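Numbering (the numbering used here), first residue to last: 11 to 293.
In C-alpha cells:
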C-alpha cells in the first residue's frame, strides 16, 4: 500500500505531503461535483452551484470528521491529531458536511428537497471512492485476520499489520457503488415525492455500514454481559440513521404536493426576433 505519495517532511512537527487518501477524496469530490452539476442542469435548476455545494460538503465534512475523531476516539490529544492523514471519521463527516451543504442550498435559488435528492445517491458514490483511499493508506479500517483468498496485509500502512486481514474498504466500496447504481438508475421514479430519494440514500448508507461492521475491529459499545454486546458504535449510529431515513421518507410521502418553484428560462434575443409577429386584423 502507498499511504504517502509525496513526502514534504515536517513543519513545526506537522507532517506535510500528498497522501493517497487525500487524492482519493479529491477524486470523489470532483466526480460527484461533475455528476451533481449535470443532474441539476438536466432538471432545470442552477448547476453552477454544484461546485459550491461540494466544496461546502468537503470543508464541513473534514471539520466534522476531525471533531468526531478528537472527541470520541482519541485518548491523548495532541496537535498532530488535527493534521494527520488519519482520523477522518465518516459519521462525523456526514454530520458536518450535511450542515454545511444544507446552509448553502438554503441560500441558493434551487428548491431544497429536489436538490438534496440529487445529492443523496452521490453520497454513496463519494463514500465508495473514498474507501479506496482507506485501502491505499492502510489506515486501520481493515478487519480481523482471515484466510480468505482475497485477504491482504498492510505492512507499510498508516496502521501497519503483517497479518492477512479482511480488506473491508473493498467491501464498502463494492456495496456503496452498487447501492449508488440502484438508486441513480431509479431516481426518476422518486421524483413524484421530493425528498424520498434522499431518505432512501440514508437508508442505504446505514445498511452498508451496519453490514460491514461485522468484519471490522471497531470496539463494542455494550458490556459483554449485555444481549447487545455485539453492537459497535457505528452500528448504533446506523440503526438511528436507518430509522431516520424511514421516518423521513414517510414524512415526505404525507406532505402536500407543491409545484417546484423553478424559473422559466428567458428566451434568447435572437430567438425572440426570429418569431413571426402576429398582425392585427383591420376591422
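We put the beta carbon where it would ideally sit given N, CA and C, even for glycine.
This one's a predicted model, so the numbers in the text were calculated from it and none came from an experiment.
- Residue 17 carries a strand assignment under DSSP once its states are collapsed to helix, strand and coil.
- For residue 173, the uninterrupted beta strand (DSSP E) segment begins and ends at 171 to 175.
- If you keep only unbroken alpha helix (DSSP H) runs of at least 4 residues inside the segment 94 to 142, you get 100 to 116.
- Counted as a single uninterrupted DSSP element, the stretch harbouring residue 164 is not any alpha helix (DSSP H) but the beta strand (DSSP E) occupying residues 162 to 164.
- Looking at the backbone, the Cα of residue 217 and that of residue 257 are separated by about 15 Å.
- Taken atom to atom, the span from the alpha-carbon of residue 110 to that of residue 201 is near 24 Å.
- Ranked by how close their Cα comes to the Cα of residue 81, the residues 102, 67, 70 have 102 in first place.
- Contact annotation, residue 31 with residue 143: C-beta distance approximately 4 Å; criterion of less than 8 Å satisfied.
- Contact between the segment 179 to 186 and the segment 202 to 212 is absent: fewer than 3 CB-CB pairs across the two stretches fall below 8 Å.
- If you compare the alpha carbons of 159, 179, 154 with that of residue 171, the shortest gap goes to 154.
- DSSP places residue 229 in the coil class of the three-state scheme, outside both helix and strand.
- Shown here, residue 27 sits in a strand according to DSSP, grouped into three states.
- When 139, 174, 61 are compared, the shortest CA-CA separation from residue 43 is found for 61.
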